[in-house]
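Structure first, commentary second.
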Amino acid sequence: MTTLLISLAVFLILIELLVAGIFLARRFLQSSGPFPIVINDEKTVEAAEPDKLLSHLYAAGIFIPSSCGGRGTCGLCRVQVKKPQSTCTALEEEHLSARERAEGYRLSCMVRVNGPMHIRVPEDILGAREVRAIVESNTPVTADIVHMALSIPEDFRFEAGQYVQIRIPAPESPRGFEFRAYSVASDPGVPGRLELAIRKIPGGLGSPWLHARKPGDELFLTGPYGEWRLSPDPYCELLLVSGGVGITPLRAILHAAARTPAKRVHFYHGARTREDLFWTDEWKALQERFPHWRFTLALSHEPDGSDWDGPRGFVHEVVDATWEPSGAVQVFLCGPPAMMEALQRVLDEKGVSPADIYADAF
Amino acid sequence: MSGISPWTILLAAILTNNILLSHYLGMCSFIALSRRIDTAVGMGLAVTFVSTATTGLNWVIYHTMLTSHHMQLEVFALIVFIAVIAAFVQVVEMALERFSPRLFQAMGIYLPLITVNCAILGVSLFMVIRNYGFLQSLAYGFGSGLGWMLAILLMAGIRRRLRFSDVPQGLSGVGITLVVTGIMAMAFMAFSGMVHIQ
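Protein chains in written order, with our numbering: chain A, 1 to 362; chain B, 1 to 198.
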């Protein structure tokens, strides 16, 4: 009996010693906050305890875009870390170019704050905020796309081509929600209203939930984000090319361009079949208002016997065959990655400078 | 205490008594992390460091606390060794993060995996069974780590070539890795005449 008790006592003492060792190490080795995070040399945020930079910024009301829940896979949450110097993880190297890495860019979800920091955040992100929106309508426009209209506070302004993030409930996420990014489809000149087009991805987190929203439901948006800026120069031609639901930001740009009617606009849209086209009445109305604008819809998988009299084939082939640059041009592309690559090649051959091309693959 | 020189034990632990290829310990991380050479090197270094340090630490604890005086607490060796390894890895992780963020980034993701690497525990248990002295134990721990690293590096090289070879579909991935490990183990048996411990 005594042996048993002694054994037990020695064993417990050993385990206690180990636990004490860990606590001591934690006390002396883990630096404790609060650490100041200086943003763009003007704003300072206090980080109370070691955590991801992204979480600290979010807690301080700086809504860095991020749609993967901080797993380092979406590549949206990039910030420039000025101090301290750090190296990228292998995961980040996939999202950052060699030049960005040399300039200290990191994905903020992969940076742990355990000391004072100096970072730089793009100005447009500093302007982003969170607002409450109410669903006004949520109408299917094709088999898998809904057109959602939201009413938002009138002082929430955005530019054509920008995007917002929507807070989606996610019970499995540690914070209980995730963000998903959607491009704004509506005219930036109409205050208090924001429209989106959302394609349902079966098994996805955001799109099935958003498809199920009813008028009167409440959503939380952060934004606006994105550096697409429409050139105000009326003599600068505008080439817009989209594929599938990539039409969303281009609709906002078309409505914004309608304020500079002298602009020449070429709008190309590619879809699979006629059933996948939507908002076609709007294009007709715009075409009647601006006869010098050109709208081309191309179908890649329309059955041969149908009465479709427009161009057939992939949209980059149609652009290649029917569009030539003449003077200054600003190009906006939005669609699936394969389409974007093909288009970049076509535009490169036609001599369009990469600096004039704004591209967003999804 | 056996009278083998620590140098002999070091060499034997790398080649003839390779912890992975002759005892098949530490297989899970071996299979998971042998896809790329750089991860194999990172994990190999981490295993070598932790196995050397924990074998020394466990030797001290075993001989001063578990078997000293009149206490016969050998039965607790297994559970105490697990706790020591887990605690040691935690402390090392914190120390690295504090003093060498660069090394922490390179090795940080592998350290938690080591807590549950049976090769590390196996080394401590063999040290007890074979009745090694302190220096012998250190040599055995260091050698076993190096041997594990050698095996995972070889496997990472082979798997790089396997990616371009025509592996039958049902065997691709883990299947072919296990087959190759078996062949590697047989190849390592060729060393067995060199030195003999045990």
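Idealized CB from N, CA, C, for every residue including glycine.
Boundaries (first-last residue) of the alpha helix (DSSP H) holding residue i
{"i": "Ala133(A)", "result": "Not the alpha helix (DSSP H): Ala133(A) falls in the beta strand (DSSP E), residues 129 to 140."}
{"i": "Ser137(B)", "result": "134 to 162"}
{"i": "Arg71(A)", "result": "First-last for Arg71(A): undefined, no H or E at that position."}
{"i": "Pro208(A)", "result": "206 to 211"}
{"i": "Ile39(A)", "result": "Ile39(A) -> not in any alpha helix (DSSP H); beta strand (DSSP E) instead, spanning 35 to 39."}
{"i": "Glu237(A)", "result": "Where Glu237(A) is concerned, there is no enclosing alpha helix (DSSP H), although the beta strand (DSSP E) it sits in stretches over 237 to 243."}
{"i": "Val10(A)", "result": "2 to 29"}
{"i": "Val128(B)", "result": "118 to 129"}
{"i": "Gln90(B)", "result": "77 to 99"}
{"i": "Phe30(B)", "result": "27 to 32"}
{"i": "Gly170(B)", "result": "Neither: Gly170(B) is in no alpha helix (DSSP H) and is coded neither H nor E."}
{"i": "Ile37(B)", "result": "37 to 61"}
{"i": "His255(A)", "result": "247 to 257"}
{"i": "Leu230(A)", "result": "First-last for Leu230(A): undefined, no H or E at that position."}
{"i": "Pro337(A)", "result": "337 to 349"}
Boundaries (first-last residue) of the beta strand (DSSP E) holding residue i
{"i": "Ala298(A)", "result": "294 to 299"}
{"i": "His266(A)", "result": "265 to 271"}
{"i": "Thr44(A)", "result": "43 to 47"}
{"i": "Met117(A)", "result": "117 to 120"}
{"i": "Arg274(A)", "result": "Where Arg274(A) is concerned, there is no enclosing beta strand (DSSP E), given that its DSSP letter is neither H nor E."}
{"i": "Arg106(A)", "result": "105 to 107"}
{"i": "Val79(A)", "result": "78 to 83"}
Residue i versus residue j - alpha carbon distance
{"i": "Met149(B)", "j": "Leu194(A)", "result": "58 Å"}
{"i": "Met27(B)", "j": "Leu20(B)", "result": "7 Å"}
{"i": "Ile200(B)", "j": "Leu121(B)", "result": "No answer is possible for residue 200(B): the residues shown for chain B start at 1 and end at 198."}
{"i": "Ser55(A)", "j": "Phe35(A)", "result": "14 Å"}
{"i": "Leu96(A)", "j": "Ala361(A)", "result": "16 Å"}
{"i": "Ile119(A)", "j": "Glu49(A)", "result": "18 Å"}
{"i": "Ser193(B)", "j": "Ala32(B)", "result": "Residue identity differs from the one stated: residue 193(B) is Gly in this sequence, not Ser. Their Cα atoms are separated by approximately 31 Å."}
{"i": "Gln165(A)", "j": "Val190(A)", "result": "19 Å"}
{"i": "Ala40(B)", "j": "Ala46(B)", "result": "10 Å"}
{"i": "Met65(B)", "j": "Glu172(A)", "result": "45 Å"}
{"i": "Leu11(B)", "j": "Ile176(B)", "result": "29 Å"}
{"i": "Gly244(A)", "j": "Ala170(A)", "result": "27 Å"}
{"i": "Met155(B)", "j": "Ala90(A)", "result": "21 Å"}
{"i": "Thr273(A)", "j": "Pro234(A)", "result": "34 Å"}
{"i": "Val319(A)", "j": "Asp187(A)", "result": "25 Å"}
{"i": "Ile4(B)", "j": "Val195(B)", "result": "10 Å"}
{"i": "Gly159(B)", "j": "Tyr268(A)", "result": "According to the sequence displayed, residue 159(B) carries Arg and not Gly. So the two alpha carbons sit approximately 47 Å from each other."}
{"i": "Met339(A)", "j": "Ile198(A)", "result": "19 Å"}
{"i": "Phe188(B)", "j": "Ile152(B)", "result": "14 Å"}
{"i": "Thr260(A)", "j": "Ala342(A)", "result": "30 Å"}
Residues sharing a beta bridge with residue i, DSSP
{"i": "Gly223(A)", "result": "Arg129(A)"}
{"i": "Lys52(A)", "result": "Arg112(A)"}
{"i": "Tyr358(A)", "result": "Phe332(A)"}
{"i": "Ser151(A)", "result": "Ile134(A), Arg193(A)"}
{"i": "Glu178(A)", "result": "Ile168(A)"}
{"i": "Ser183(A)", "result": "Tyr163(A)"}
{"i": "Ile198(A)", "result": "Val146(A)"}
{"i": "Arg312(A)", "result": "Leu299(A)"}
{"i": "Glu218(A)", "result": "Ile134(A)"}
Beta carbon of residue i nearer than 7 Å to that of residue j
{"i": "Leu146(B)", "j": "Ser29(B)", "result": "no"}
{"i": "Leu205(A)", "j": "Tyr182(A)", "result": "no"}
{"i": "Leu297(A)", "j": "Val241(A)", "result": "no"}
{"i": "Glu178(A)", "j": "Ile168(A)", "result": "yes"}
{"i": "Val123(B)", "j": "Ser172(B)", "result": "no"}
{"i": "Val146(A)", "j": "His211(A)", "result": "yes"}
{"i": "Ile9(B)", "j": "Ala139(B)", "result": "yes"}
{"i": "Phe314(A)", "j": "Ser300(A)", "result": "yes"}
{"i": "Gly161(A)", "j": "Pro249(A)", "result": "yes"}
{"i": "Arg78(A)", "j": "Leu107(A)", "result": "yes"}
Residue i: contacting residues in chain A (beta-carbon distance under 8 Å)
{"i": "Leu125(B)", "result": "Within 8 Å Cβ-Cβ: nothing; Leu125(B) doesn't reach chain A, min ~17 Å."}
{"i": "Leu73(B)", "result": "Ser7, Val10, Phe11"}
{"i": "Ala87(B)", "result": "Leu18, Val19, Gly21, Ile22"}
{"i": "Met65(B)", "result": "Val10, Leu14"}
{"i": "Val50(B)", "result": "Per Cβ cutoff of 8 Å: no residues; Val50(B) is ~15 Å from chain A at best."}
9 Å Cβ cut-off: residues of chain A touching residue i
{"i": "Phe76(B)", "result": "Ser7, Val10, Phe11, Leu14"}
{"i": "Val47(B)", "result": "Within 9 Å Cβ-Cβ: nothing; Val47(B) doesn't reach chain A, min ~19 Å."}
Listed by chain order, chain C residues near residue i by CB distance under 7 Å
{"i": "Met94(B)", "result": "You won't find chain C in this structure, because its protein chains are A and B."}
Residue i CB to nearest heavy atom of the ligand MN below 6 Å
{"i": "Ala20(A)", "result": "Among the components of this structure there are no ligands whatsoever, and the ligand MN is therefore not found."}
Partners in chain A for residue i, counting only beta-carbon separations shorter than 7 Å
{"i": "Val84(B)", "result": "Leu18"}
{"i": "Gln90(B)", "result": "Ile22"}
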